[in-house]
Amino acid sequence: MTLAEFFGCAFLAFGPPLAMFCYTISDSPIKIILLIFSSFLWLLALLLSSIIWFIFIPLKSYLIFGVVVSVLIQEAFRFIVYKLLDKTSAGLEELAGNSLVIHNKTVLAYVSGLGFGIISGLFQSVNILADALGPGTMGLKSGSEMFFLTSATMALCIILLHTFWSIIFFDGIHHRNKAHLSFVILSHLFFSITTLLNSSEIYSLTIILSVINVILTMCFAFKIVGGTFEKLKRCIIC
Amino acid sequence: MIKIKLILLNIVILVNTVYCDRTKDKIYENISGHMCFRRLNATHQTGCSSAGKSRGSVGVLHLISSEDDINFIINDPPSPPYAPIILPNHFTRENIIKLRDSNYVSAIVLVNDTSDLDNFSQESKCPNQFFRHAKQPVCDSKNQNTVWNPFGTGLLHENFDIPIIFLAKKEESDKVIKCYNDFNKASSRKSLCSIEINSFMAASGNSEICIRRSRSLAIIRQLTFCDPLQGKNVYGTLYPREIVNPINRTNDIDEKFIIVSAHFDTTSMFDGIALGAMEFSSVATLISSAHFLKKIIKKDKKSKYNILFMLFNGESYDYIGSQRFIYDLKKNDSFPSPSSYTRPLTLDNIVMMIDIGALDDFDSVSIYHLNESESFASKFTSAINSYNNKLKLNVNINAVNSNNLPPVSAQMFLRENPNFPTLIFASKKPKNKFYHSVYDDVKNMKFSYYNTSEDFDQLDDSTKITHFPSDSIQIKIRNVATLISLGLYNLLNEDNKYAENLIASSTLVDEFLYCYLKATKCRLFDSIFVFSNDFNGLDYPPQRYVSVQAAITLEATGWAYRVLGFVLSQKIENIQKENCTVLPYYWIPGSLKTGECRLTTQNLSYALSPAFEEEGYNYKSNLYSTWTESTWNDLSARIFLQPSTAHESLTFIIGLIMLILSFILVYFINSKAEILFNDINTEHVALPAQC
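Residue numbers (UniProt numbering), protein chains in the order written: chain A, 1 to 238; chain B, 1 to 691.
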C-alpha cells in the first residue's frame, strides 16, 4: 500500500488550487459556474486537438507536432472564453447580482484560468495518481523513484501557469497588447517542450525550467494586476 | 492535456522500446508460475490461498540461501512482510512450516533449480493412509521402515493461509532472483523489490461446508465454491463381451473376471504441473501386458475367465476411481453403464485381482499380498519365475506376505473383503524420490525416447536384441509386463504353458511413454486415431491430475481410452472404412498407416466419489473419498518496487507541507488583496493602505 505516496502527490499537485478555490472561488456561485464553464471549454480544446492528432496519421509519430497544435488550440480556446465572457457579461451580471465579479476583468481571468488549470492538471495526473495508489512504485525496469513527485510537481506547475496565463492573456486582449499575447503562447510552448525532456529522465532539469517559467509568469501576471515590489514589501511588513 | 499524456506515452516508448499504455506497465512485471491451490476433504482444507479477494498477498522478496536467511525472516525482520524465494532443496517440511507459522511471511516463491536436489516429494509418508483394509499393522509415518513414500514431507496435505508459487520457467526464476539481487540485497533503506500474488480461493473449511454452501446458493449464483474431484476410469476386456439390449439386460453369474488394474492419475502441489512420470510406469506395464496377452491368447477358444483391464482415476485422492467402481458393482446394475450394450457386473463376477502399483525399481519386484491370498500368490509367483528363467528376463520377483500393503486400488477391494484373492505388484523398496511432485519427470524416470521406426504392434523376440539397451526403462517395463501377462496366461489356460519366444513389445512402451510424457503429437496416437484437419496432437503431454470435471483432463483419459482400446482390439479383415463406424467396430490408421478395422472392447466409467452422489452422506463416516477442489477467479503474480518508508514519508511530507503552506499563503494574499493589487474597480481603491 502506498497510500502515503498517493496523498503526498495529490496534496502537492492539488493543494494550492484547493486553497485558491476555498478562499477565492467558493464564496461566490457565479465564480464556481465560471470555473466549470472554462474547464468545459478546455475539454473541448482537448477533444479538438485529439481529433487533429488522430486525423494527421503521418505526423502521429512526431510528438512535437501534437504538442504545438495542442498549445495553439488551447490558446485559441482561451480567446474564445474571453469573447464569450465579454459577450455575455450583461446576462451574467443579472445572474450574479454582484457587478464586482463581472466587471473586474482580472477576477474573470483568474477564475477561468484556474478552471483551465485544474482540469488540465487533473487530466495530466489522474492516471498516474491511480497507479501511485500502489502497491508498487516506479523504478523496477527503468524510470526513477522520483517519477511520481515529478509528475505531481508538473501538474502543479501547469495549474498555476494556466491561471497566470489567463490573467496576462485577458489583459493583453483588453489592451490589444500583442507582446503579452505572444508571451503567453511562447511560455506555454516552452513549458510543453520542456516536458519532452522527461523522456530522457532528466527530471531535475525539467522541474527547474518549469519552476523558473512559473516564477517569471507569476511576476509578469503580478505586475499586470497592478502589483509592485513596493506593495509587496509593504504587505509583508505590516 | 493531451500533450502530457502523449509525453508520458513517449517516455515509455523511448525508454522501453515496447508499447505500453500506462504507467502501470512500467511499475509492474508479471510473473507466470504455477500456483499452489486449495483442496478440501471431510475434515480439513489443504493447499494455499492468498489473503484477500481483491488484492493479493504482498511480500518483500528475500532469497533463502541458508538457515540464517530463514532465521532472519522469522525473527523480526526490518521490513515485513516478506516473501522468501526458496530453492527446492530448502523446501523441506521443517523450513516451510517455520515460514508458514511466522507472522512475517506473506508468500513463498519456489524457484526452479534442481542442483543439489536429492529428493522432493510433498505427498505424505503414507499416502491415502486413512483408506485401507482393516488389518494391522500398516504404514506408520513414524516408522521409516514401513512407509511407502520415505521422502514425503506431507506438505501437500498442510493448510497454508499464504500463497505459494512455483516458477517452473528458468527466465521467471531468474527475474525474481535478479530483482532481489538488484534492489534488496544491499540495504533496506531503499525501495524493495516485492511480489504480489493473487490466488484467492473461494472455498474454506471442509468439503461438507463448501458443498452445502454451493448447493444452497446454487439458485442465486451459478458459480460454486468447490467442485468434487472427478474423472473417468478407463477399462477394456481381453475378450469381447456379448452385446445385449440395454433395456432388459441381466447379470450373468457365470461371467468371471480377473481385474488387472493400475492407477492412472497423478498430482502435485502446484496447478497445471504434474507429470508423474515414474508412477506412470505402472500404466505402461499394464498397457504393454494387455497388448502382449491379447496377441498370444487363442482367439477362438474361450477361457473360463475374462480379464478386465482397468485404469483407475483419482486414486491419488483416497481411491476415488476404485471406490466408485466397487460402489457401482454393489448397486448391481450400474457397471458397465447401460449404454455399453453389455451385461451388468456385480462383485461376484470378479474373482481375482492383479494390481500394478508403483514400479520405481524394476530389478526387484515384489508381489505383495495378505495372508489370505497366500496360495494364489505362491502359485502365481512360481509360474512367473519359471517363465522368467526360461525367457531370461532377469527380473527378481518374490512374493511378500504382509499386512502393510502399498497404497494402491487393491486396498479398496480388500476393505470390502480381505479374503478376495489379490496380488499387488510393486517395487521392493519405494525409490521414487520425487513422488507426487513437479520433479517426477522423464529425467527422474530415466526415460529417453529412441524414436525407432519399428512396428510397435509387433512383439519382441526374446532371443533377439532390440534397439534399446538392456538397462533402459523400455526393456524393464517390457520384461515385467511379459511376466504379468504370462502369469495371467497360465490362469486362463490352466495347463497349457506358453512355449513361444515372443515377448511384449518394447517399441510400444517407447512410443506410449513418449506420447504421455513428452507430446501428444506422436506416432502411437497418430496410428490409433483419425485426426481431423491439420491438427495432429500437441507439443506437450496431457494432464493426468484428476481435477474437477473439465475438458483439459479429459484429454488424458481420452487417449487412455483409445490406447487401451487399441491394445485389446482384434483386427477384422476385409471390412471397408464405411462399414466400420459403429462401436464396437472402430477404424484406425494402424501402426503401418494402411487403415484397419478393429473390434474393440474399451469403455469409460465414472470416477466420482459416491460421497457426492448419495443423499445425506455422512461426511464423518470416512467411507468414501470427499476431496474437492476450491474454485478461484484469478491466479496471477507480479513483481514491483515497494517504496521504502523513507521515500513514502518524504513524498507525503512534501505534499502536506505544500498543502498547508498554500492555504496559509492564499489566505494571506487574499486578505491583503487590496494592498497587493491595484484594483481600479473596487471601491476601496482610493484608500491608502492601512498599516
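For each residue, glycine too, the CB sits at the ideal point set by N, CA and C.
None of the values given here were measured: they were computed from a predicted structure.
Leaving aside the five residues before and after residue 71/A along the sequence, list all residues of the same chain whose C-beta is less than 8 Å from its C-beta, in chain order.
To locate residue 71/A, count along the first sequence from 1; it is residue 71. Cβ within range, chain order: 185, 188, 189 and 192.
Return the first residue and the last residue of the beta strand (DSSP E) that residue 238/B is part of.
For the purposes of this step, residue 238/B is taken as residue 238 along the second sequence, with counting starting at 1. No beta strand (DSSP E) holds residue 238/B; DSSP gives it neither H nor E.
To the nearest angstrom, how far is it from the Cα of residue 1/A to the Cα of residue 198/B?
As a first step, residue 1/A is located in the first sequence; it is residue number 1 there, counting from the start. As a first step, residue 198/B is located in the second sequence; it is residue number 198 there, counting from the start. Because residue 1/A sits at a pLDDT of 49, beneath the cut-off of 50, its placement in the model cannot be relied upon, and the following sentence gives the value as read from the coordinates. Distance between the alpha carbons of residue 1/A and residue 198/B is about 15 Å.
Option in 134/B, 158/B, 85/B and 171/B with minimal Cα separation from residue 30/B:
As a first step, residue 30/B must be located in the second sequence, where it is residue number 30. Answer by Cα proximity: 171/B.
Contact with chain B by residue 56/A, beta-carbon distance below 7 Å:
Within the first sequence, the letter at position 56 stands for residue 56/A. Not closer than 7 Å to any Cβ of chain B, the Cβ of residue 56/A fails to qualify, so no.
Could you tell me which chain A residues have their CB closer than 7 Å to the CB of residue 196/B, listed as they occur along the chain?
Translated into the one-based positions of the second sequence, residue 196/B becomes position 196. What residue 196/B touches in chain A: 135.
Please confirm if residue 172/A has its CB atom under 7 Å from at least one CB of chain B.
If you number the first sequence from 1, residue 172/A lands on position 172. Not an interface residue.
Of all Cβ atoms in chain B, is any one closer than 7 Å to the Cβ of residue 29/A?
If you number the first sequence from 1, residue 29/A lands on position 29. Taking Cβ atoms only, chain B never reaches closer than 7 Å to residue 29/A, which makes this a no.
Rounded to whole angstroms, what's the CA-CA distance from residue 429/B to residue 361/B? Just pull it up for me.
Here residue 429/B is taken as the residue at index 429 of the second sequence, counted from 1. Here residue 361/B is taken as the residue at index 361 of the second sequence, counted from 1. Distance between the alpha carbons of residue 429/B and residue 361/B: 8 Å.
Counting only the same chain and skipping the five closest in sequence on each side, list residues whose C-beta sits under 7 Å from that of residue 402/B.
Taking the second sequence and counting its residues from 1, the one referred to as residue 402/B is at position 402. Taken in chain order, the residues that qualify are 368.
Are residue 106/B and residue 81/B closer than 7 Å when you measure CB to CB?
Position 106 of the second sequence, counted from the start, is the residue given in the question as residue 106/B. Position 81 of the second sequence, counted from the start, is the residue given in the question as residue 81/B. The Cβ atoms of residue 106/B and residue 81/B lie closer than 7 Å to each other.
CA-to-CA distance, residue 227/A to residue 219/A, given in whole angstroms
Working through the first sequence from its first residue, we reach residue 219/A at position 219. Working through the first sequence from its first residue, we reach residue 227/A at position 227. Each residue's CA atom was taken as its position, placing residue 219/A and residue 227/A some 9 Å apart.
Near-chain B residues of the region 206-225 of chain A (beta-carbon distance less than 7 Å), N- to C-terminal order
225
Under 6 Å Cβ to Cβ from residue 160/A, same chain only, skipping five residues before and after it: list those, please.
Looking up residue 160/A in the first sequence gives position 160. Counting only Cβ-Cβ distances below 6 Å, and skipping sequence neighbours, we find 214.
Strictly under 7 Å for the Cβ-Cβ distance: is residue 109/A near chain B by that measure?
Here residue 109/A is taken as the residue at index 109 of the first sequence, counted from 1. Using a Cβ-Cβ cut-off of 7 Å, residue 109/A does not count as an interface residue toward chain B, since no Cβ of chain B sits closer than that to its own.
Top-ranked residue by Cα proximity to residue 175/A, from 225/A, 232/A, 19/A and 130/A:
By one-based count along the first sequence, residue 175/A stands at place 175. Of all alpha-carbon atoms in 225/A, 232/A, 19/A and 130/A, the one lying nearest the alpha-carbon of residue 175/A is that of 225/A.
According to the neighbour-count rule (16 or more other Cβ atoms, all chains shown, within 10 Å of its Cβ), is residue 39/B buried or exposed?
The residue labelled residue 39/B in the question sits at position 39 within the second sequence. Result: buried.
Exposure of residue 377/B, with buried meaning 16 or more beta-carbon neighbours within 10 Å:
What you label residue 377/B is simply residue 377 of the second sequence in a count that begins at 1. Per the 10 Å Cβ criterion, buried.
Under the three-state reduction of DSSP, which class applies to residue 181/A: helix, strand or coil?
Against the first sequence, residue 181/A aligns to sequence position 181. Three-state DSSP puts residue 181/A in a helix.
Does any CB atom of chain A fall closer than 7 Å to the CB of residue 512/B?
Here residue 512/B refers to the residue found at position 512 of the second sequence. So no, residue 512/B is outside the interface.
Chain B contact for residue 60/A (CB, 7 Å cutoff)
If you number the first sequence from 1, residue 60/A lands on position 60. Cβ-Cβ to chain B under 7 Å: no for residue 60/A.
Please classify residue 642/B: does DSSP put it in a helix, a strand, or coil?
Taking the first residue of the second sequence as position 1, residue 642/B is located at position 642. Three-state result, residue 642/B: strand.
At a CB-CB cut-off below 8 Å, which residues of chain B make contact with residue 131/A?
In the first sequence, residue 131/A corresponds to position 131, counting from 1. Near residue 131/A (Cβ distances below 8 Å), the residues of chain B are 22, 23, 24 and 27.
Please confirm if the region 414-422 of chain B is in contact with the region 129-136 of chain B, defined as three or more CB-CB distances below 8 Å between the two stretches.
yes
Scan the region 112-132 of chain A for residues whose Cβ lies nearer than 8 Å to a Cβ of chain B and list them as they occur along the chain.
So the list reads 120, 123, 124, 127, 128 and 131, given in the order they occur along the chain.
What residues in the region 650-672 of chain B have a beta carbon less than 9 Å from any beta carbon of chain A?
650, 651, 652, 653, 654, 655, 656, 657, 658, 659, 660, 661, 662, 663, 664, 665, 666, 667, 668, 669, 670, 671 and 672
Bridge partners for residue 629/B per DSSP, in chain order?
In the second sequence, the residue the question calls residue 629/B occupies position 629. Paired residue(s): 39/B and 227/B.
Determine the direct distance from the alpha carbon of residue 475/B to that of residue 720/B, and round the result to whole angstroms.
Any answer about residue 720/B is impossible in this case: the structure gives chain B only from 1 up to 691.
Since residue 150/A and residue 207/A should fall inside the 8 Å C-beta cutoff, what is the C-beta to C-beta distance between them, to a whole number of angstroms?
On the first sequence, residue 150/A is found 150 positions in, with the first residue counted as 1. On the first sequence, residue 207/A is found 207 positions in, with the first residue counted as 1. Between residue 150/A and residue 207/A, the beta carbon gap of about 6 Å places them in contact (Cβ cut-off 8 Å).
If we call anything under 7 Å between Cβ atoms a contact, is residue 398/B one with residue 366/B?
Walking along the second sequence from the start, residue 398/B turns up at place 398. Walking along the second sequence from the start, residue 366/B turns up at place 366. It is a contact, given that the beta carbons lie within the stated cut-off.
Quick check on residue 686/B: buried or exposed, where buried means 16 or more other Cβ atoms within 10 Å of its Cβ?
Translated into the one-based positions of the second sequence, residue 686/B becomes position 686. Residue placement at residue 686/B is poorly supported in this model, since its pLDDT is 37, which falls under 50; the coordinates still yield a value, given next. By the 10 Å Cβ count, residue 686/B comes out exposed.
Any C-beta of chain B under 7 Å from that of residue 157/A:
As a first step, residue 157/A must be located in the first sequence, where it is residue number 157. Not closer than 7 Å to any Cβ of chain B, the Cβ of residue 157/A fails to qualify, so no.
Cut-off 8 Å between Cβ atoms - residues of its own chain near residue 49/A, not counting five sequence neighbours on either side
By 1-based counting over the first sequence, the position of residue 49/A is 49. Cβ neighbours of residue 49/A beyond the five flanking positions: 66, 69, 70, 73 and 74.
Return no unless some Cβ of chain A is closer than 7 Å to the Cβ of residue 647/B.
Taking the second sequence and counting its residues from 1, one reaches residue 647/B at position 647. Yes - at least one Cβ of chain A is within 7 Å of the one on residue 647/B.
For residue 649/B and residue 657/B, what's the separation of their Cα atoms in angstroms?
As a working mapping, residue 649/B is identified with position 649 in the second sequence. As a working mapping, residue 657/B is identified with position 657 in the second sequence. When rounded, the distance between both Cα atoms is 12 Å.
Thinking residue 568/B and residue 309/B are a contact (beta carbons under 8 Å), I'd like their distance in whole angstroms, please.
Numbered from its first residue, the second sequence carries residue 568/B at position 568. Numbered from its first residue, the second sequence carries residue 309/B at position 309. 7 Å between Cβ atoms; contact.
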